[in-house]
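S.K.: My questions all concern the structure below.
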Amino acid sequence: MELTVENFEEARQICIQAVLEAMKTLAYDAYIGGEGSEDGIYVAGVDEHDRILYITHFDWEEVSEILPAIEAGEVREWLIEINKECYSDGIIK
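Reminder that position 70 of the sequence shown reads as 70 in my numbering, one-by-one numbering, no gaps.
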């Protein structure tokens, strides 16, 4: 899918679902949050103590990176790569 202004919302929803499903394979729990916040919607994967292990937002840049990962069947690998140095202690600061 080529990302355009016209199909951004549709592409964003596809990405949110793909990331949520992949996140569920990486973390104890995964959820969608941030609706109405300044940073917007995100998908977070947490451990059993609700410490964030993985987090992804869905602005233009992220959606344009996730779409090729979906097409390649590598969303899980993309999540690992993009989050590899984030939140090393599992807590957002």
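Glycine residues also receive a C-beta, built at the ideal position from the N, C-alpha and C atoms.
Going by DSSP in three states, residue 25 sits in which element: helix, strand or coil?
M.R.: As a working mapping, residue 25 is identified with position 25 in the sequence shown. Helix.
S.K.: Could you check if residue 45 is buried or exposed, using at least 16 other CB atoms within 10 Å of its CB as the buried criterion?
M.R.: As a position in the sequence shown, residue 45 is number 45, starting the count at 1. The residue in question, residue 45, is buried, as its Cβ has 16 or more Cβ neighbours within 10 Å.
S.K.: Note the first and the last residue of the continuous alpha helix (DSSP H) segment covering residue 75.
M.R.: Position 75 of the sequence shown holds residue 75. Taken as a continuous stretch (DSSP letters only), the alpha helix (DSSP H) holding residue 75 covers 75 to 83.
S.K.: Short of 7 Å in beta carbon distance, which residues of its chain neighbour residue 35, apart from the five on each side in sequence? Order them along the chain.
M.R.: The residue you call residue 35 lines up with position 35 of the sequence shown. Same-chain partners within the cutoff: 41.
S.K.: Starting from residue 63, trace the alpha helix (DSSP H) in both directions and tell me its first and last residue.
M.R.: Translated into the one-based positions of the sequence shown, residue 63 becomes position 63. Element bounds for residue 63: 60 to 72.
S.K.: To the nearest angstrom, how far is the alpha carbon of residue 78 from that of residue 6?
M.R.: Sequence index remark: in the sequence shown, residue 78 carries index 78 (1-based). Sequence index remark: in the sequence shown, residue 6 carries index 6 (1-based). The alpha-carbon atoms of residue 78 and residue 6 are separated by roughly 25 Å.
S.K.: By Cβ distance below 6 Å, which residues in the same chain neighbour residue 18 in space, the five residues on each side in sequence not counted?
M.R.: On the sequence shown, residue 18 is found 18 positions in, with the first residue counted as 1. Answer for residue 18: 70 and 75, listed in chain order.
S.K.: Taking the alpha carbon of residue 50 as the reference point, which residue from 60, 30, 11 and 9 has its own alpha carbon closest?
M.R.: Counting from 1 along the sequence shown, the entry for residue 50 is found at position 50. Comparing Cα positions, the closest option is 30.
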